[in-house]
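Structure, as structure tokens:
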Amino acid sequence: MHFIAVSANAAQRTQLATLVTRAAALVGTGTRAARGDDAAPSDQAKAATTWLCAGALPVIDDGALVVAGRQPALVATADLRRIELPELARRWHGLGCPPAWPAAGDFTPPFALALLDRRRDSVRVVTDAIGLSHVYVAQGDGVAVISSSALACAQLLGRGIDADAMFGMAQIGSMVGTDTPFAGVRKLAAGESATVHDGVLTVTPMAAPATPDSVSVEDGARVLRDIMVALAAQFPEAEFELSGGMDSRLLLAALPAAARRAHAGFTIGTPDAPDVLVAKRIAAREGMAHSVADPDAVLATVDLPPLLDKVAHDHQFSTNPLDRVLIAAVGQQFRAPRFSGQNGEALRGFYYAGQRLDAEPTRAMALRLVDWRLLANDSVDPQLFSSAFVAAQRPALRERLADIVLDCRGITWAQKIDTLYERERMQHWCGIGISGICHERQILMPFFDPRMTAFARAVAPQEKAGARLAARLLAALDAGLAGLALDSGMSPRALAGGGVRSLLARAGAVTKKALRKVGQRLRRKPAATVSASSTTAMFWAQVGAAGLDIAPLRRWGIFDNAALDRFVAGNWRPDRPTLGFLINCCAMAKALGAQARIEGGCGTGAGNAIEGGSSLPSTPLLAASE
């Protein structure tokens, strides 16, 4: 379910009815199309220039304001109160109908809101401060578009495929920066808001968040406890994504012991997996109901072809759909609101391994990070592409990624990579997944609360490294839970205590991670979860190469046709990242139809720019509405 806002200037006014009809069709059945004024005036020159189509999303329309949201409820940052759309509209009126409210920081991540202001004939869309809930924008010739669907923006304005952006995703496993798969369509950056009026798109950045000068473990424990107690009261039905690791345990520990049994837990994994065994022990200790979603059992009930297609579309072709199928299938069984431990990594310094934390950042350090971390995990097999395409793309991408690293806020190297992971990587690793499901269920993410992200930034990197900060927080919240071994076998209590045992445990974890990265780099063999491997096997059993229409891809000019021939003939079974990339490309080609053409790219800063957009399609998209 998506929303799409479209605005046209006077020169494109005759196209507006067609555009609105098309936009309504793109966001699905049950669409409510709201215009930027109360009724069509007799003088069409004064008619509304801006419309909002909200599909089947929750909508409130009080006459002056139309609000559509992509999540069941909002959480106010100031008091952690649950806010429904009617109350949000009342707050807007109570504040005097301000044009720039709400701001990204007014609600906790994730959220995205579209507000049609009939007094101003404009639509304003705001997303959360981390950019977890993805919103996309495009500027055409006298037409501006904002949507929660990048595909809808491209379809509405007749845009093709961005080759540079697709190569970036092929190399790092996600989109780079604000790229999308579509030329001239970009994602809003973290905390940005966008407004359309009279055919013009305006994007407004968010001010850099403040960081406290100093904090203590006790401060962090108090903040997390306040957040969890408030959220549990507002969402008493919320379940815990319980694992054998530290992050979900921290959230649980932040609740009073007597309150924990009111919440159920669930874990994804095989019955004998260490993750599941530890989660079961925790649930039994706390008296919590606990469910286990066995990947094999869940996937056995899945009709893969339609679910794979749905996952590719829901995630805007911007992540490997094979990696998301299990989560989508489990989500159909577990519909309750849930507490997620995502971004607990910020307290564990899990990305610090092998880094010179206090060093002054240099381009050489940035390029080393690009080569050994960003490009090493989920890259597509280069034999899929034409050699000329790879030769032209890879050096430019490498330099662009280094630029992104060095542009991150911070003076020391640790501050740079903290910002990279909070403001760039998390919105792609985590955010694209959240954006694909946030309209279906409430996701509560306490570690993305601005108080917790500020706390994590304020702690010295050496205190976060090796999970020491997370372990100390856990010990401060619940010494008993800190005494239970993790799924890795390490004890949080030992990690928190310092000394030789803690040093050896942390050194062992760092060494294992470093060796794993080296192995991935040398073997070019990406790591895969059990579920992703199972889904890949299911693909070959239920779909196979014959189930993908490769023919349109041959016209793109970026692939090696001999490699495509081997794939179609069954002589080449590509690895998981490469297969997922092909699935995305084929799904895009089918969705775009005749628009499935290469239109340059954004890696050079050209094809994905929103300034001076391209013209509308020359042929009518749909017959004009009456």
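Residue 3 is where the sequence shown starts when you use my numbering, and the numbers rise one by one after that.
Built from N, CA and C at the ideal position, the CB exists for glycine as well.
Taken through DSSP and simplified to helix, strand or coil, Cys55 comes out as strand.
Per the C-alpha coordinates, the member of Val332, Lys418, Ala487 and Ala338 positioned closest to Leu371 is Lys418. Per the coordinates, the alpha-carbon of Leu158 lies some 53 Å from the alpha-carbon of Ala286. Ranked by Cα distance from Ala185, the first of Gly160, Ser176 and Trp415 is Gly160. Close CB contacts of Asp63 within its chain, under the 7 Å cut and outside five residues either way in sequence, are with Ala36 (chain order). Ala13 and Gly201 have their C-alpha atoms spaced approximately 9 Å apart. Within the DSSP secondary-structure output, Lys466 pairs in no beta bridge. Taking a contact to require three or more Cβ pairs closer than 8 Å, the segment 76-87 and the segment 228-235 qualify as touching.
Annotation: the continuous beta strand (DSSP E) that includes Glu241 extends over Glu241 to Glu243.
For Ser176, the three-state secondary structure derived from DSSP is coil. For the set Val68, Val61 and Ala114, the Cα lying nearest the Cα of Leu76 is the one of Ala114. The segment 586-601 makes no contact with the segment 385-402: fewer than 3 CB pairs, one atom from each, lie closer than 8 Å. Residue environment analysis places Asp119 among the buried positions, since at least 16 neighbouring C-beta atoms fall within 10 angstroms of its C-beta.
In this chain, the beta strand (DSSP E) harbouring His199 covers Ser195 to His199. With a beta-carbon spacing of about 18 Å, Ala172 and Thr180 fall beyond the 8 Å limit used to define contacts. Excluding five sequence positions before and after Tyr423, the CB atoms of its chain that fall closer than 6 Å to its own CB belong to Tyr353, given in chain order. Here DSSP, grouped into helix, strand and coil, assigns Gly107 to helix. Counting the other Cβ atoms within 10 Å of the Cβ of Gly247 gives 16 or more, which makes it buried. Comparing alpha carbon positions, the residue from Leu581, Asp123 and Asp311 closest to Ala593 is Asp311. Ranked by Cα distance from Ala314, the options Pro238, Ala152, Asp221 and Ala223 are led by Ala152. DSSP places Ser9 in no alpha helix (DSSP H) but in the uninterrupted beta strand (DSSP E) bounded by Ile6 to Ala10. DSSP places Arg326 in the coil class of the three-state scheme, outside both helix and strand. Residue environment for Asn322: buried (at least 16 other C-beta atoms within 10 angstroms of its C-beta). Out of Ala481, Ile434, Thr538 and Leu21, the CA that lies nearest to the CA of Ile132 is found in Ile434. In the structure shown, His292 falls within a strand segment according to DSSP collapsed to helix, strand and coil. Just measuring C-alpha positions, the residue of Asn563, Val178, Val461 and Leu67 sitting nearest Leu349 is Val461. For Thr204, the enclosing beta strand (DSSP E) stretches over residues Val202 to Thr206. Sequence-distant partners of Gly412 (beyond 5 residues in either direction) whose C-beta falls short of 6 Å from its own C-beta, in its chain, are Lys418 and Thr421. Val128: member of the beta strand (DSSP E) spanning Ser124 to Thr129, first to last residue.
For Ile600, the beta-bridge partners assigned by DSSP are Ile163. The C-beta distance from Leu399 to Phe169 rounds to 6 Å, short enough to meet the 8 Å contact threshold. Contact annotation: Leu253 and Gly343 have beta-carbon atoms nearer than 9 Å.
A distance below 9 Å separates the beta carbons of Ala281 and Leu244. Counting along the chain, Ser437 sits inside the alpha helix (DSSP H) bounded by residues Gly433 to Ile439. Residue pairing of Val69 in beta bridges, as defined by DSSP: Ile62 and Leu117. Taken through DSSP and simplified to helix, strand or coil, Ser536 comes out as helix.
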